[in-house]
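Protein chains in written order, with the working numbering: chain B, 2 to 395; chain C, 233 to 666.
A quick write-up on the structure given underneath.
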């Protein structure tokens with residue numbers, strides 16, 4: 002296998018689209034600059050993996066600086082990696098964030114503070130003195146992927162006190178479920194927005210500025226990626242045969258996972274990607290087929306299946322979906338995984354579909370209270386088998 | 233490998249307590265997610281270990297008293313009602329007993345304490361002290377006395393939690409605050425300061441002032457700072473006279489709005505009318521108790537004193553008829569507990585306890601059980617507390633069977649429902665007595 006395909010790093014010249022989001026933030030920023038009241042001063046961008054949240058945040062940071070804001074950027078992913086000390090990590094991280102904020106205002110001397118609360122008060126006092134001169138924009142990335150203890154401390158000592166200031170604009174970006182902030186300005190008076198995949202035109206525009214050689218294959222790339230800008234980027238790095246590059250693209254998608262866990266995550270993802278939803282009951286039969294090892298996996302305990310499920314949710318490939326009554330894989334990875342299996346391992350894909358169909362067939366008989374839900378799933382897999390012209394006997 | 237530190241706090245209300253886990257990462261991981269615990273749980277497994285294994289970082293159904301719940305703010309549902317309560321105007325919430333009024337009041341109080349400055353409203357919880365009045369038709373003067381006492385108690389505790397407010401005030405402002413406190417506290421101010429100095433613990437002060445947990449502010453001061461704060465107030469002379477209630481109340485308002493300069497004004501949180509035999513289920517009595525305050529609601533709003541009333545559902549028609557402008561639609565909210573809303577109560581708690589991992593009992597239940605919250609909500613009495621009791625019972629039924637390596641089963645639900653049906657007549661009886 003070649004080296005892992007890496008996504009492009011942000012550069013203004015490579016950024017396209019998201020005009021509505023830029024306009025919305027610009028409008029708020031201009032009001033704050035003019036000293037006008039703006040009730041909703043927190044903007045939240047969410048969206049699936051590689052949809053472009055971090056890129057948008059970086060573009061906004063540039064824009065806000067151009068508009069005369071002091072811009073404070075925080076990437077919570079970076080703060081999670083600070084060396085251990087005798088204090089809880091979230092306290093160390095938030096203290097570092099406060100010190101960075103203090104330095105941003107050109108303060109050379111330490112703000113002092115025997116506790117995090119005192120440090121926060123001292124730094125906020127400096128910030129408040131500067132705000133009449135220059136508004137502040139706080140851009141925080143990887144918010145919802147972060148540990149809740151970190152978010153609680155961040156709210157308590159940084160975001161909560163800043164959010165009430167009328168000349169502070171807060172922009173949060175992250176993947177996953179929204180954290181239940183307690184501060185009204187971070188929870189009730191917010192502008193939440195989910196970033197959607199690019200249209201075909203936007204995909205063409207993206208390839209034009211990022212990978213010109215891949216523009217002729219834009220339609221093909223878009224069909225595979227579903228318009229996810231990160232997937233567009235990865236696929237376009239193999240313009241000669243984007244579909245065959247799926248394997249590498251999937252490896253690229255697994256980049257955040259520690260190397261020792263990567264293969265297992267990839268295998269679990271492949272085994273489960275055919276399902277609309279899964280849980281601890283559905284994992285063992287799918288793994289039994291995937292590994293062709295029913296003896297092991299059919300005897301898996303519930304807790305073993307939970308460990309497998311947790312591996313996928315921990316690395317944010319899956320999330321609970323109440324409507325589906327199970328965990329669902331995020332759109333982009335699932336779309337790519339299914340395409341990869343169909344093309345690279347069609348027999349395995351058929352086997353997995355058949356196993357799913359048989360599982361739901363059993364459940365229709367076993368679980369009368371939810372019979373119609375499992376009937377629908379049974380029909381779904383039956384359709385998939387027919388579409389792929391799989392043999393239905395094993 | 234991750235390190236786990238689990239702090240267990242016994243609530244004193246139940247045998248099981250609650251727990252918070254703090255998970256620390258090693259330096260190779262970008263995100264702070266818990267690694268799974270041992271896959272197999274044995275006979276000695278505790279309730280909390282089992283919950284943790286299910287993915288719950290604490291027991292979200294343990295605390296039934298909203299004021300004692302440290303996660304209350306995170307559980308919030310009915311955002312629209314909170315949003316309408318939170319703001320520079322008067323507002324009312326009508327709900328039955330146990331219908332979430334106190335939870336909302338506590339939530340409002342806690343929100344006032346966000347940050348460490350005076351740029352949010354100052355909350356005064358006001359539970360009319362019927363026992364100290366000779367009748368159920370208190371005068372405005374009666375209310376002023378009780379209001380002043382309620383305000384003084386919260387102000388003293390808040391000042392103790394935030395000594396930096398005192399330190400940055402000009403010396404000349406201190407006697408006015410000292411006087412306002414000394415006039416209206418239920419006991420001598422020096423006694424409370426002595427308690428602080430002796431115990432060095434603001435939890436003791438909170439208890440002495442008879443304030444609920446909602447008034448335990450985050451970030452208490454270091455001991456030396458607290459002692460320095462006590463010394464400042466101890467050095468001031470006590471007032472020798474005590475004026476009438478109205479003057480005492482106005483002195484406190486002056487301190488809050490002018491000396492300490494609370495930007496968001498004062499929130500007067502009126503609650504507890506359905507907890508007292510004098511007013512419960514008697515709309516006429518509620519109206520009579522509130523009458524002097526209701527006359528002051530609009531003028532107070534002009535002075536940045538905003539009344540937020542948490543009132544019994546039964547009193548809504550009468551109050552709306554008698555005071556149509558005060559209780560007009562924009563000011564009035566009614567909590568009605570429907571099956572979907574009750575299901576949401578449980579789902580929200582699971583969401584918070586799993587730190588967003590999942591938000592339904594379905595995630596820890598057999599495929600035979602989907603839509604489990606709605607099933608339970610339909611069986612429980614339509615109050616959040618009932619829903620929490622029944623939900624916890626389902627988990628307990630499963631735990632009792634020591635079948636730690638399987639999801640919740642239909643038998644757990646049926647056993648819990650049987651238990652609940654047997655317990656329910658008592659609950660109905662209590663409701664009827666109320």
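Just so you know, even glycine gets a beta-carbon here, dropped at the ideal spot from N, CA and C.
For this session: Please confirm if the region 347-367 of chain C is in contact with the region 556-563 of chain C, defined as three or more CB-CB distances below 8 Å between the two stretches.
Result: no
For this session: Taking C-beta pairs closer than 7 Å, name the residues in chain B that residue 451 (chain C) reaches, listed in chain order.
Result: 118
Exercise. According to DSSP, what are the bridge partners of residue 588 (chain C)?
Worked result: DSSP lists no partner for residue 588 (chain C).
Exercise. Comparing alpha-carbon positions, which option in C:584, C:629, C:580 lies nearest residue 605 (chain C)?
Worked result: C:580
For this session: Whole angstroms is fine: what's the gap from residue 500 (chain C)'s alpha carbon to residue 487 (chain C)'s?
Result: 15 Å
Exercise. Are the Cβ atoms of residue 308 (chain C) and residue 338 (chain C) separated by less than 7 Å?
Worked result: no
For this session: Could you say which of C:321, C:633, C:329, C:491 lies nearest to residue 391 (chain C) if we only look at CA atoms?
Result: C:491
For this session: Pull up the DSSP beta-bridge partners for residue 398 (chain C), would you.
Result: DSSP lists no partner for residue 398 (chain C).
For this session: Would you list the residues sitting across from residue 538 (chain C) in a DSSP beta bridge?
Result: C:499
For this session: Let me know the alpha helix (DSSP H) ranges lying completely inside the region 319-378 of chain B, each 4 residues or longer, listed in chain order.
Result: 332-345, 347-367
Exercise. Comparing alpha-carbon positions, which option in B:214, B:174, B:231 lies nearest residue 8 (chain B)?
Worked result: B:231
Problem set entry | Alpha carbon of residue 405 (chain C) to alpha carbon of residue 389 (chain C), nearest angstrom | 18 Å
For this session: Using three-state DSSP, classify residue 172 (chain B) as helix, strand or coil.
Result: strand
Exercise. Of all the CB atoms in chain C, is at least one closer than 7 Å to the CB of residue 185 (chain B)?
Worked result: yes
For this session: Pull out every residue of the region 396-407 of chain C whose Cβ sits closer than 8 Å to any Cβ of chain B, in chain order.
Result: 396
For this session: State the Cα-Cα distance for the pair residue 238 (chain B) and residue 18 (chain B), rounded to the nearest angstrom.
Result: 20 Å
Exercise. What first and last residue would you give for the beta strand (DSSP E) that runs through residue 326 (chain C)?
Worked result: 323-327
Exercise. Who does residue 565 (chain C) pair with in a DSSP beta bridge?
Worked result: C:325
For this session: Using three-state DSSP, classify residue 515 (chain C) as helix, strand or coil.
Result: helix
Exercise. If you measure from the CB of residue 586 (chain C), is any heavy atom of the ligand MG nearer than 6 Å?
Worked result: In the structure shown, the ligand MG is absent, as is every other ligand, since no ligand is present at all.
For this session: Determine contact between the region 370-380 of chain C and the region 591-610 of chain C, defined as no fewer than three beta-carbon pairs at a distance below 8 Å.
Result: no
For this session: Please list the partners that residue 281 (chain B) has in chain C, where partner means a Cβ-to-Cβ separation under 8 Å.
Result: 639
Exercise. Does any CB atom of chain C fall closer than 7 Å to the CB of residue 228 (chain B)?
Worked result: no
For this session: Check the Cβ of residue 371 (chain B) against every Cβ in chain C and list those closer than 9 Å, keeping chain order.
Result: 599, 600, 601, 602, 603
Exercise. Out of B:300, B:13, B:38, which has the shortest C-alpha to C-alpha gap to residue 53 (chain B)?
Worked result: B:13
Exercise. Thinking just about the alpha-carbon of each residue, which of B:358, B:188, B:260 is nearest to the one in residue 387 (chain B)?
Worked result: B:358
Exercise. Quick one: what's got a C-beta closer than 7 Å to residue 315 (chain B)'s C-beta in the same chain, skipping five residues either side?
Worked result: none
Problem set entry | residue 65 (chain B) beta carbon less than 7 Å from that of residue 24 (chain B) | no
Exercise. Interface residues of chain C around residue 303 (chain B) at Cβ under 7 Å?
Worked result: 637, 638, 639
Exercise. Residue 282 (chain B): which of C:638, C:320, C:523 sits nearest, CA to CA?
Worked result: C:638
Exercise. For residue 1 (chain B), which beta-bridge partners are listed by DSSP?
Worked result: Limits of chain B in this structure are 2 at one end and 395 at the other, which puts residue 1 (chain B) out of reach.
Exercise. What does DSSP give as the partner residues of residue 597 (chain C) in its beta bridges?
Worked result: C:640
Exercise. Taking Cβ-Cβ distances below 9 Å as the criterion, which residues of the region 577-591 of chain C are in contact with chain B?
Worked result: 579, 580, 583, 584, 586, 587, 588, 589, 590, 591
Problem set entry | Same chain, Cβ closer than 8 Å to residue 42 (chain B), neighbours up to 5 away in sequence not counted | 29, 33, 164, 167, 169, 170, 171, 186, 190
Exercise. Taking the alpha-carbon positions, what's the residue 209 (chain B) to residue 47 (chain B) distance?
Worked result: 26 Å
Exercise. Looking only at C-alpha atoms, which of C:456, C:449, C:412 sits nearest to residue 379 (chain C)?
Worked result: C:412
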